[in-house]
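Asker: This is the structure I want to talk about, given as structure tokens.
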Amino acid sequence: MKNPPFILCVNPWIHDFAAYDFWARPLGLLYLAGLLRASGCRVGYIDCLDRFHPRDKHRPCDPSFRCGRGPYKKIHIPKPRGLEDVPRRYSRYGIDPQWFESDLNAAGRPDLVLMTCVMAYWYPGAAETAGIIKSVYPGVPVVLGGIYATLYPHHASGLINIDEVVTGPGEQYVFELVEKYTGLRPAAPCGSCSMDTAPYPALDLQNIIPYVPMLASRGCPFSCDYCASSILQPEIERRDPRNVFEEILFWHGSFGVKDFAFYDDALLLDAQNHADILFSMIRDSGVKLRLHTPNALHVRNISRNTAVLMRGAGMKTVRLGLETAEFKGREIDRKIRAQEFEQAAAYLREAGFSRNEVGAYLLAGLPGQDQASVEFSINIVKAAGIMPVIAYYSPIYGTKMWDAAKAASRYDLESDPVFTNNAVMPCQPVFSWELASRFKKRIRS
Ligand code: B12
2 MKNPPFILCV NPWIHDFAAY DFWARPLGLL YLAGLLRASG CRVGYIDCLD RFHPRDKHRP
62 CDPSFRCGRG PYKKIHIPKP RGLEDVPRRY SRYGIDPQWF ESDLNAAGRP DLVLMTCVMA
122 YWYPGAAETA GIIKSVYPGV PVVLGGIYAT LYPHHASGLI NIDEVVTGPG EQYVFELVEK
182 YTGLRPAAPC GSCSMDTAPY PALDLQNIIP YVPMLASRGC PFSCDYCASS ILQPEIERRD
242 PRNVFEEILF WHGSFGVKDF AFYDDALLLD AQNHADILFS MIRDSGVKLR LHTPNALHVR
302 NISRNTAVLM RGAGMKTVRL GLETAEFKGR EIDRKIRAQE FEQAAAYLRE AGFSRNEVGA
362 YLLAGLPGQD QASVEFSINI VKAAGIMPVI AYYSPIYGTK MWDAAKAASR YDLESDPVFT
422 NNAVMPCQPV FSWELASRFK KRIRS
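Last residue of the sequence shown: number 446 in my numbering, and the count goes up by one each step with no gaps.
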């Protein structure tokens, strides 16, 4: 393309009570950046959450320390209206605003800015980011997409400084967007790209690649009451395991990346024909990698063979989606039964995984849930030789549990997504440090 349009992709700040880089990258936005770059656009990227910013004197010198994870820089800011009762500090996580402004100036005036926002209750950070973009580049259109925009399009449309809100996967619409705002239509690199033909996400636009977020599939066949996966990605799509393996080799070979975090909602679905093949290819290649599944695996899909292959491929962090161990009581999660959990735990132990490597997420703070039920789940998980990991419930508009969450919450959840932040335990009668520390004690005891 002659004079290709300049598209600037921005990952905004997080405003929250707590945030930590647990292998968190804006993968969707970086996929779109890769696609636009391959279609001839000039693409820039600014990550307001960059932990390796060149101006940060405290940036980690070894990106693979803690397998790539680490704390964000932060500064305390006032709490959002309505959350003043929460006895926790609220912060802006990410780079200094002056660094952001000078990065924007250094990038040059873009024709279009694409911004994402992953968690719905992080929108105040996205709003602040958009404000700075508009102050540096008045008149440049800022388009917001991603998970918050998809789940709460009406709310997002009300944000000043956002010119357009896009819902759902952006691959199809992104070319139209560029044409709409720049007058130039980029040529898609692969017609309607599938996961196997799409260009890799443009992770190399980052200052450093401490780890790579991977997707071997999209979507999930289960429709758990608390989860938005089927709203965000109604269709299930799977990549050829050879293609996933090639991408892993690409990042490892070209950038020396050792840590790979899978973002799949259902990585082990039909494992024999997918994940097992990928794991055996990695194992047989002899490449030394550390694999992580922070988004949890379905317990039912862990066979003896899969556990052995996971170990052989270099799986380091295994997280299981147990959610609740009250298998007969609350039927919120259709994935699992007690026996299957114990069986999977046994396979993982036999394969050589230690207690510290395998954790099971237990949801706490569900509407109507009492603390005894969480403690019961903690005991079951510990008895199986696995580490319980408490995950506080974040209510999501459009999910089956939304009405129950609204009824149980001390906040008006409909009025503002900040109230859905799991850090405030929105469906508990009060925020309680005591409750959190009780669970921690029970886990440690
Ligand atoms: C990977 C993941 C994580 C990762 C980190 C993700 C990150 N980048 O920060 C980890 C494991 C750390 C994580 C943690 C949590 N997560 Co999570 N996570 C996901 C997951 C599985 C995938 C997100 C993803 O990257 N998808 C893949 C990419 C390719 O898709 P995408 O981002 O949607 O991008 C596409 C479109 O949105 C669009 N798009 C994106 N940006 C833009 C921009 C423009 C301009 C356009 C046009 C389009 C566009 O195009 C993209 C390509 O198709 C989602 C579920 C899901 N299926 O989406 C849950 C999800 C986002 N998580 C969720 C939750 C609740 C959590 C936790 C709170 C869980 C807990 N209780 O502890 C924690 C909170 C973490 C924290 N406070 O830091 C909720 C969100 C709830 C909410 N209220 O917003 C989700 C939706 C799961 C659910 N329960 O339904 N999570």
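Yeah, the Cβ is synthetic: ideal placement off N, Cα and C, and Gly gets one too.
Can you give me the C-alpha to C-alpha distance between Arg219 and Pro72, rounded to a whole angstrom?
Answerer: Using only the alpha carbons, I get a separation of about 28 Å.
Asker: Helix or strand or just coil, what does DSSP make of Ile148?
Answerer: Ile148: helix per DSSP, three-state reduction.
Asker: Leaving out five residues on either side along the sequence, give the residues of the same chain with a beta carbon under 6 Å from the beta carbon of Val382.
Answerer: Closer than 6 Å at the Cβ level, and outside the excluded window around Val382, lie Ala361, Pro389.
Asker: Just the C-alpha distance for Phe251 and Val213, rounded to the nearest angstrom, thanks.
Answerer: The alpha-carbon atoms of Phe251 and Val213 are separated by roughly 11 Å.
Asker: Applying the 10 Å Cβ sphere with the 16-neighbour rule, what's the burial state of Gln99?
Answerer: Classification for Gln99: exposed.
Asker: Should Ser230 be labelled buried (16 or more other beta-carbon atoms within 10 Å of its own) or exposed?
Answerer: By the neighbour-count rule (16 or more Cβ atoms within 10 Å), Ser230 is buried.
Asker: As a quick exercise: from Ser410, Leu36, Trp24, pick the residue whose alpha carbon is nearest that of Ser193.
Answerer: Ranking the options by Cα distance to Ser193, first place goes to Leu36.
Asker: Evaluate contact between the stretch 291-298 and the stretch 88-103, counting only Cβ atoms and requiring at least three cross-stretch pairs below 8 Å.
Answerer: The stretch 291-298 is not in contact with the stretch 88-103.
Asker: I need the straight-line Cα distance from Ala405 to Ile397, nearest angstrom please.
Answerer: Straight-line Cα distance between these residues: approximately 11 Å.
Asker: Is the beta carbon of Tyr227 closer than 9 Å to that of Leu364?
Answerer: A contact, by the Cβ cut-off of 9 Å.
Asker: Please report the distance separating the alpha-carbon of Thr421 from that of Asp413.
Answerer: Computed Cα separation, rounded: 10 Å.
Asker: Which partner residues of Lys75 appear in the DSSP bridge assignment?
Answerer: In the DSSP output, where bridge partners are listed per residue, Lys75 has Tyr94.
Asker: Please tell me whether Val11 and Thr198 are closer than 9 Å, where the distance is taken between their beta carbons.
Answerer: Not a contact, by the Cβ cut-off of 9 Å.
Asker: Does the distance from the C-beta atom of Arg70 to that of Trp24 stay below 9 Å?
Answerer: In this structure, Trp24 lies closer than 9 Å to Arg70 by Cβ.
Asker: Helix, strand or coil for Leu436, going by three-state DSSP, please let me know.
Answerer: If DSSP states are grouped into helix, strand and coil, Leu436 belongs with the helices.
Asker: Residue range of the alpha helix (DSSP H) that Tyr393 falls in?
Answerer: No alpha helix (DSSP H) contains Tyr393, which is instead part of the beta strand (DSSP E) from 388-393.
Asker: If you count every other CB in all the chains shown that lies within 10 Å of the CB of Ser395, and 16 or more means buried, which is it?
Answerer: Its Cβ being crowded by 16 or more others within 10 Å, Ser395 is buried.
Asker: For Ile148, is the classification buried or exposed, using 16 other Cβ atoms within 10 angstroms of its Cβ as the cut-off for buried?
Answerer: So Ile148 counts as buried.
Asker: Would you decide whether Gln370 is buried or exposed? Buried here means 16 or more other CB atoms lie within 10 Å of its CB.
Answerer: By the 10 Å Cβ count, Gln370 comes out buried.
Asker: In whole angstroms, give me the CA-to-CA distance for Glu332 and Pro418.
Answerer: Legend: pLDDT at Glu332 = 49, less than 50; position of this residue unreliable, value from coordinates given subsequently. Distance between the alpha carbons of Glu332 and Pro418 is about 26 Å.
Asker: Can you tell me the Cβ-Cβ gap for Cys42 and Pro139, rounded? I've got them flagged as a contact below 8 Å.
Answerer: Not confirmed; about 22 Å, so no contact.
Asker: Helix, strand or coil, according to DSSP, for Leu446 in the structure here?
Answerer: Here the sequence assigns Ser to residue 446, which means Leu is not the residue at that position. The answer is coil: DSSP assigns Ser446 none of H, G, I, E or B.
Asker: Going by beta carbon distance, what residues of the same chain come within less than 7 Å of Lys329, once the five residues before and after it are set aside?
Answerer: Note that Lys329 has pLDDT 48, beneath the 50 cutoff, so the model's placement of it is unreliable and no number is given.
Asker: Distance check for Tyr264 and Leu152, CA to CA, integer angstroms please.
Answerer: Leu152 and Tyr264: Cα-Cα distance of roughly 19 Å.
Asker: Taking the beta carbon of Ile379 as the centre, do at least 16 other beta carbons fall within 10 Å, making it buried, or is it exposed?
Answerer: Ile379 should be labelled buried.
Asker: Under three-state DSSP, which class holds Phe261?
Answerer: Three-state DSSP puts Phe261 in a strand.
Asker: Report the option in Lys401, Asp285, Lys74, Ala385 whose CA atom is closest to the CA atom of Lys444.
Answerer: The displayed chain sequence assigns Ile, not Lys, to residue 444. Closest option to Ile444, Cα to Cα, is Ala385.
Asker: Please name the residue in Pro55, Gly83, Val425, Asn357 whose C-alpha comes closest to that of Ser416.
Answerer: Nearest of Pro55, Gly83, Val425, Asn357 to Ser416, Cα basis: Gly83.
Asker: Taking C-beta to C-beta, are Arg521 and Ala352 nearer than 9 Å?
Answerer: Any question about residue 521 goes unanswered here, given that the chain covers just 2 to 446.
Asker: Where do the N-terminal and C-terminal ends of the alpha helix (DSSP H) with Ala352 fall, by residue?
Answerer: That run of the alpha helix (DSSP H) goes 339-352.
Asker: Can you tell me where the beta strand (DSSP E) holding Asn12 begins and where it ends?
Answerer: Start and end: 7-12.
Asker: Exposed or buried, what is Phe66 when buried is set at 16 or more other beta-carbons lying within 10 Å of its beta-carbon?
Answerer: Per the 10 Å Cβ criterion, exposed.
Asker: Ligand 1 heavy atoms versus the CB of Pro418: any closer than 8 Å?
Answerer: Yes, Cβ of Pro418 sits closer than 8 Å to a heavy atom of ligand 1.
Asker: Buried or exposed for Tyr94, please, with buried defined as at least 16 other CB atoms from any protein chain shown within 10 angstroms of its CB.
Answerer: Label assigned to Tyr94: buried.
Asker: Taking just the CA atoms, how far does Asp48 sit from Pro13?
Answerer: Looking at the two C-alpha atoms, the distance is approximately 7 Å.
Asker: For Met316, which beta-bridge partners are listed by DSSP?
Answerer: Beta-bridge pairing links Met316 to Leu292.
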